[in-house]
Amino acid sequence: DAKTTQPTSMDCAEGRAANLPCNHSTISGNEYVYWYRQIHSQGPQYIIHGLKNNETNEMASLIITEDRKSSTLILPHATLRDTAVYYCIVRGASGGSNYKLTFGKGTLLTVNP
Amino acid sequence: NAGVTQTPKFRILKIGQSMTLQCTQDMNHNYMYWYRQDPGMGLKLIYYSVGAGITDKGEVPNGYNVSRSTTEDFPLRLELAAPSQTSVYFCASTLGQGNTEAFFGQGTRLTVV
C-alpha cells in the first residue's frame, strides 16, 4: 500500500474552512484516496474518497492534484463537532490484500470557538 | 440495518485468561477487519478476512486468532491475555468490490490486569 504523510495537528477557527493536506507520492494508478475521521475514540467514520477527480459530498470536498501525489480535504465551515483525528488512506480497488485499510497517525484537527 | 456490531463494549481480563471479541455485520460485506488502537496512537491491523473461510494476518497478529465461518461474523480470540493487549479493539467491514467505504463498530475497550 502507498504510504501517506499528514501533519500531526492543525487548528481552525469555528466557521472557517479547514484544509487538511495529505501527501501520497507513491500512489499507484488504481489506488483511491480515502478520508476517515475519528471523534474521541469512537469508531472511525468515512468522509469521502476519490481517484483523480475532485469530489464533494455533504460533509466535505476532496481536491486531488493532477499528478495524484497529494490531496486536500476541505471542511467548508468547520464546527466544534468537527474536532477529531482525520486519517488519509490510500487503498487499492483490485481485491485481495489491496483491500487492506492501513491507518497512519492522522491529523488532529482542533476547531476553536 | 444495524451495521457493524461489537460485543462486549467493555471487559476486564486477568492475565492468562482468554476471551472472544464478537463482531457481526448485517450488510452482506465480504471483507472484515480487526484493529487495535492503543492510547494516543493510530489503528493497527490485526487480522482481516476477504470472505467466509479466508483469513490473513495484518501488522500485529501475535497473541490473537480469528475465524470466519459465516459472512456475517468475524470473532477475535485472545487465548492468553497479557497486559500488552490492553487496548481498544475495532471491527470493520466493507463490501470489497470496487471503491467502497468501510464501516466500523463502536469498539471494545479491553483491560488486562
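Protein sequences, first through last, are from chains A and B.
So for the first sequence, our numbering puts the first residue at 47; every next one is plus one.
So for the second sequence, our numbering puts the first residue at 40; every next one is plus one.
Backbone N, C-alpha and C define an ideal beta-carbon position, used for all residues, glycine too.
Quantities reported herein were computed from a predicted structural model and do not represent experimental measurements.
query: Are A:SER87 and A:LEU154 close, meaning C-beta to C-beta below 8 Å?; result: no
query: Where does A:SER74 fall in DSSP's three states?; result: coil
query: With a threshold of 8 Å between beta carbons, is A:LYS115 in contact with chain B?; result: no
query: Consult DSSP for A:ASP128 and reduce its assignment to one of helix, strand or coil.; result: helix
query: Answer with yes or no whether the minimum CB distance from B:ALA121 to chain A is below 8 Å.; result: no
query: Is there a Cβ from chain A that is less than 8 Å from the Cβ of B:TYR103?; result: no
query: Comparing C-alpha positions only, which one of B:ARG50, B:VAL43 and B:THR46 sits nearest to B:THR125?; result: B:ARG50
query: Taking the Cβ atom as the reference point for each residue, do B:GLY146 and B:TYR128 lie within a distance shorter than 8 Å?; result: yes
query: Would you mind reading off the limits of the beta strand (DSSP E) that contains B:VAL89?; result: 82-90
query: Could you have a look at A:GLN88 and say whether DSSP puts it in helix, strand or coil?; result: coil
query: For A:ARG62 versus A:ALA130, is the C-beta spacing smaller than 8 Å?; result: no
query: How many Å lie between A:LYS49 and B:LYS96 at the Cα?; result: 19 Å
query: DSSP three-state call for B:GLN145: helix, strand or coil?; result: coil
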